[in-house]
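Numbering (the numbering used here), first residue to last: 25 to 138. A virtual CB, placed ideally from N, CA and C, is assigned to each residue, including glycine. Fair warning: this is a prediction, and the values are worked out from it, not measured in the lab. One structure below.
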């Protein structure tokens with residue numbers, strides 16, 4: 025399966041384009057949809073709970089502090105752009121963020137083809 029992910033890597037971090045589904049059984053990367061990573065979040069979309077849970081999930085996934093993860097657009101919708109700022113110890117440093125995204129995409133591609 026060929027696809028082009030809509031992530032961009034900048035000097036200070038990376039921007040992830042996501043399709044988020046709140047109210048799931050657990051927080052997880054769940055596939056690729058329209059060139060976006062699909063993310064399932066257990067929290068419901070009430071009073072910002074799903075957005076807060078999404079930020080925590082992305083923070084943990086990239087091993088960066090929660091303060092380094094920000095929603096750039098889509099705060100009230102399913103389609104979101106999330107910025108993950110680089111740290112000296114996190115997965116986003118140098119090209120590790122790109123490698124981490126590639127590993128997630130490869131895993132999702134294998135899962136979707138099974």
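Proximity to residue 110 [Cα-Cα], best of 62, 75, 64, 83: Position 86 of the chain shown, counting from 1, holds the residue named residue 110. Of 62, 75, 64, 83, the residue nearest in Cα terms is 83.
Between the CA atoms of residue 67 and residue 99 - distance to the nearest angstrom: Here residue 99 corresponds to residue number 75 of the chain shown, with the count starting at 1. Here residue 67 corresponds to residue number 43 of the chain shown, with the count starting at 1. Approximately 14 Å between the Cα atoms of the pair.
Short Cβ contact (9 Å threshold) for residue 103 with residue 61: Counting from one through the chain shown, the residue named residue 103 turns up at place 79. Counting from one through the chain shown, the residue named residue 61 turns up at place 37. No, these two residues do not count as a Cβ contact at 9 Å.
Exposure of residue 59, with buried meaning 16 or more beta-carbon neighbours within 10 Å: As a first step, residue 59 must be located in the chain shown, where it is residue number 35. When all chains shown are included, residue 59 counts as exposed.
Beta-carbon spacing of residue 64, residue 85 below 9 Å: One-based indexing of the chain shown puts residue 64 at position 40. One-based indexing of the chain shown puts residue 85 at position 61. Contact: no.
Contacts around residue 69, its chain only, beta-carbon distance under 6 Å, and the 5 residues preceding and following it disregarded: Taking the first residue of the chain shown as 1, we reach residue 69 at position 45. 46.
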